[in-house]
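Taking the numbering used here, the leading residue of the sequence shown gets 4, the next gets one more, and so forth. No residue lacks a Cβ here, since even glycine has one placed at the ideal position from N, Cα and C. What follows is a set of notes on a single structure, which appears directly below.
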Amino acid sequence: MKGLAPGSYASEILAPAAALVPVPEAVELQVAAAAMLQGMTAHYLTHGVRETRPGDSVLVHAAAGGTGALLVQMLRAAGTRVFATCSTPEKAELARAAGADEVILYTETDFAERVQQLSDGRGLDAVYDSVGRTTFDGSLLCLRPRGLLVLFGQSSGPVEPFDLQRLNRGGSLFVTRPSLAHYTATRTELLERASAVLDGVADGRLNVRIGARFGLAQAAAAHDALEGRGTTGKLVLIPA
Ligand SMILES: NC(=O)c1ccc[n+]([C@@H]2O[C@H](COP(=O)([O-])OP(=O)(O)OC[C@H]3O[C@@H](n4cnc5c(N)ncnc54)[C@H](OP(=O)(O)O)[C@@H]3O)[C@@H](O)[C@H]2O)c1
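See below:
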């Protein structure tokens, strides 16, 4: 698949040259490794799936996670009012530090109701939902008429099949389920997105938070940490 090199839990891998990108001198390699997947994902979600416009109001779920925190930063840089959800007060601080204007603890509060209150009943232009099963219904309820739900992950499990008439009832809503591979499908697009992310890291516009580093032999512990929902930012595996 163009733009991705699977099998990277290894000290060395053989990758097609077309899948490689240059890393600016100023970016440390572990930070570059941490930035690529989540950074390019945040980039295509905000500059590909939907062009972000100044004055938009947008919700990012799991905003203290790796992709979530980068999404918040890119949306704020584009002049968006950012609503964010996360599960704990500690994560809420990280979401605020990333630039979120309104942070909702979706484990304690009905986030759709709170979004409607905070937006004076107008609803949002877009919702970026990586959580899936537990948030999908509420995400639809957050949207203004003709708003867009971008479902790009399923950290809580897959979304059940649903009746398309709900999009009509919600106000002619749109839903998309995109993947990074389809938004880095050409070499030109891959290089554009990679350099937008890595240049942003190099000049300090983008902050990539490495939440923890694990030796390659501790890969299982890294996966346990992800499943345990306690991580923030990006986990990095260091080959021996
Ligand atoms: N479509 C694409 O192109 C694309 C690209 C990259 C990643 N993704 C997907 O996007 C999602 C997020 O990726 P990421 O790398 O940003 O992950 P991450 O940093 O691990 O963030 C995931 C967050 O999801 C939240 N969450 C909610 N319910 C959860 C549950 N039951 N179990 C675990 N976490 C739960 C947690 O935040 P709270 O504790 O605050 O709820 C957790 O921190 C994943 O599903 C990934 O597969 C998709």
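Asked	Found
Are the beta-carbon atoms belonging to Ala-215 and Ala-228 less than 8 Å from one another?	yes
Is Ala-22 near Ala-8, with beta carbons less than 8 Å apart?	yes
With DSSP as the reference, please indicate the residues paired to Ser-198 in a beta bridge.	Partner(s): none; Ser-198 has no beta bridge.
Spell out the partners DSSP gives Asp-123 in its beta bridges.	BP columns for Asp-123 are empty, so no partner.
Mind reading off the beta-carbon distance from His-46 to Arg-196? Whole number of angstroms is fine, and I expect it under 8 Å.	5 Å
Should Glu-105 be listed as close to ligand 1, given that the test is whether its C-beta is under 7 Å from any heavy atom?	no
Can you tell which of Gly-160, Gly-141, Glu-28 has the C-alpha that lies nearest to the C-alpha of Val-63?	Gly-141
With H, G and I counted as helix, E and B as strand and the rest as coil, what does DSSP make of Arg-84?	strand
Confirm, please, whether the CB-CB distance from Ala-80 to Arg-212 is below 8 Å.	no
By the three-class DSSP mapping on this structure, what secondary structure does Glu-105 have?	strand
Under 7 Å from any heavy atom of ligand 1, does the C-beta of Ala-65 make it?	yes
Give the straight-line distance between the Cα atoms of Leu-73 and Arg-172, rounded to the nearest whole angstrom.	32 Å
Is it the case that the Cβ atoms of Val-130 and Arg-53 are separated by a distance below 8 Å?	no
Between Met-39, Ser-14, Ala-13, Thr-49, which lies nearest to Asp-202 when the distance is taken from Cα to Cα?	Met-39
By the three-class DSSP mapping on this structure, what secondary structure does Met-4 have?	Residue placement at Met-4 cannot be trusted, given a pLDDT of 45 that sits under 50; what the coordinates show is reported in the next sentence. Here Met-4 sits in coil by DSSP.
What does Lys-237 pair with, by DSSP beta-bridge criteria?	Ile-213
Using the C-alpha atoms, what's the distance from Arg-190 back to Gln-157?	28 Å
Let me know the beta strand (DSSP E) ranges lying completely inside the segment 38-104, each 3 residues or longer, listed in chain order.	60-63, 84-89
Report yes if the C-beta distance between Val-134 and Ser-159 is below 8 Å; otherwise report no.	yes
May I have the straight-line CA-CA distance separating Asp-128 from Leu-17, to the nearest angstrom?	42 Å
What are the residues that DSSP puts in a beta bridge with Val-178?	Leu-152
Are Val-118 and Cys-145 closer than 8 Å when you measure CB to CB?	yes
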